[in-house]
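Going by the numbering used here, the sequence shown opens with residue 2, and the numbers climb by one from there.
Beta carbons are placed, not taken as given, at the ideal position from N, Cα and C, and that holds for glycine.
Please read all numbers here as calculations on a predicted model, not as lab measurements.
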Amino acid sequence: MGENFGDYRCGNCNSVVKWAPVWVKGQPFCCAGCAMGGPCICTYDWMPKGVHKEMKMICAIVQDVDAVGLLDNLAERGLRATKVSSTGGFLRRGNSTILIGVEDAQVVGVLDILRTTCRTRTQVVDVAEGPRAYLGDALPRPPTEVEVGGANVFVWDIEEYIKV
Ligand code: 2BA
2 MGENFGDYRC GNCNSVVKWA PVWVKGQPFC CAGCAMGGPC ICTYDWMPKG VHKEMKMICA
62 IVQDVDAVGL LDNLAERGLR ATKVSSTGGF LRRGNSTILI GVEDAQVVGV LDILRTTCRT
122 RTQVVDVAEG PRAYLGDALP RPPTEVEVGG ANVFVWDIEE YIKV
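Structure follows, in C-alpha cells:
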C-alpha cells in the first residue's frame with residue numbers, strides 16, 4: 002500500500018489518484034463515480050489555475066556554445082526553457098544549465114533534441130587553472146585533456162507546477 006497521494010492508480014479509469022482514494026474491497030478509486038464502475042466524475046476545477054498533472058523537470062548541463070542552438074531547437078517545438086549561467090565544479094569554466102519543464106510524454110523528444118544539439122568536445126585542463134584535487138601540487142604537469150558533454154541530464158518528477 003502506498004504512503005503518499007499519487008502512489009495509487011484508479012481501479013477503474015487508471016488515472017493517478019492525487020488525493021485520498023475511495024477504497025472499495027481493498028481497491029483504490031479516484032472518485033465515487035469510478036468506485037461504482039464509472040463514469041469518472043473527477044474534476045480539477047478546485048485546483049489552483051495552472052496546475053498540471055504528470056510533469057517532469059529536465060535539467061541539462063551543456064556547454065555554452067551549444068546553449069543558444071539548444072534554446073532555439075526547443076522553442077521551435079514549442080518547448081519552454083530557462084538558461085542559467087553555471088560553472089563546472091571540475092574545470093571551473095562557464096557552462097549553461099538549461100531547465101525544461103515538460104509533460105511526461107515530451108521527455109523523450111527533449112532527450113532527442115539534446116542528443117542532436119549538444120556535442121562532446123575535448124577541453125584541456127591547464128596546470129595553472131586545473132583543480133588541485135585532480136592535478137595535485139606536483140608542478141609542473143603537462144596539460145591534460147578531458148571530454149566534456151554533450152549534455153549531463155537529470156530528470157525529476159514535478160510535484161506541482163503553479164503559475165500565479
Ligand atoms: P565540470 O565539473 O567542469 O567537468 C568537466 C569535465 O571534466 C567533465 O565532463 C568530465 O569529463 C571531467 N571531469 C569532471 N570531474 C572529473 C574528475 N573528478 N576526474 C576526472 N575528470 C573529471 P562532463 O562529465 O561532461 O561534465 C560537464 C559538466 O556537467 C561538469 O563540468 C559539471 O558542471 C556538470 N556535471 C556533470 N556531472 C554532474 C553531476 N553528477 N552533478 C552536477 N553537475 C554535473
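Excluding the five sequence neighbours on either side, which residues of its own chain have a C-beta within less than 7 angstroms of the C-beta of Val66, listed in chain order? In its own chain, leaving out the 5 sequence neighbours on each side, no residue places its CB closer than 7 angstroms to the CB of Val66.
Assigned exposure category for Phe30 - 16 Cβ within 10 Å defines buried: buried
Just to confirm the assignment: which complete beta strand (DSSP E) runs, minimum length 3, are found wholly within the region 76-160? With a minimum length of 3 residues, the continuous beta strand (DSSP E) runs that stay inside the region 76-160 are 82-88, 95-104, 122-126, 145-149 and 152-159.
Compute the beta-carbon to beta-carbon distance between Gly110 and Arg81, rounded to the nearest angstrom, for a pair I have assumed lies under 8 angstroms. Contact doesn't hold; Cβ gap of about 13 angstroms is too wide.
Are Ile159 and Met58 touching if we call contact CB-CB under 8 angstroms? yes
For Ile42, count neighbouring C-beta atoms within 10 Å of its own C-beta (all shown protein chains included) and say buried if the count is 16 or more, exposed if not. exposed
Measure how close the beta-carbons of Glu55 and Glu104 come, nearest whole angstrom, since I'm counting them as under 8 angstroms. With 8 angstroms as the limit, Glu55 and Glu104 qualify as a contact, their Cβ atoms being about 6 angstroms apart.
8 angstroms contact criterion, which Gly151 and Thr121 should meet: CB distance rounded: 5 angstroms
Give me the DSSP bridge partner(s) of Ala61. Ile99 and Val154
Tell me the DSSP bridge mates of Met56? Answer is Glu104 and Ile159, bridged to Met56.
Consider the C-beta atom of Leu112 and the heavy atoms of the ligand 2BA; say whether any pair is separated by less than 7 angstroms. Not so, every heavy atom of the ligand 2BA lies at least 7 angstroms from the Cβ.
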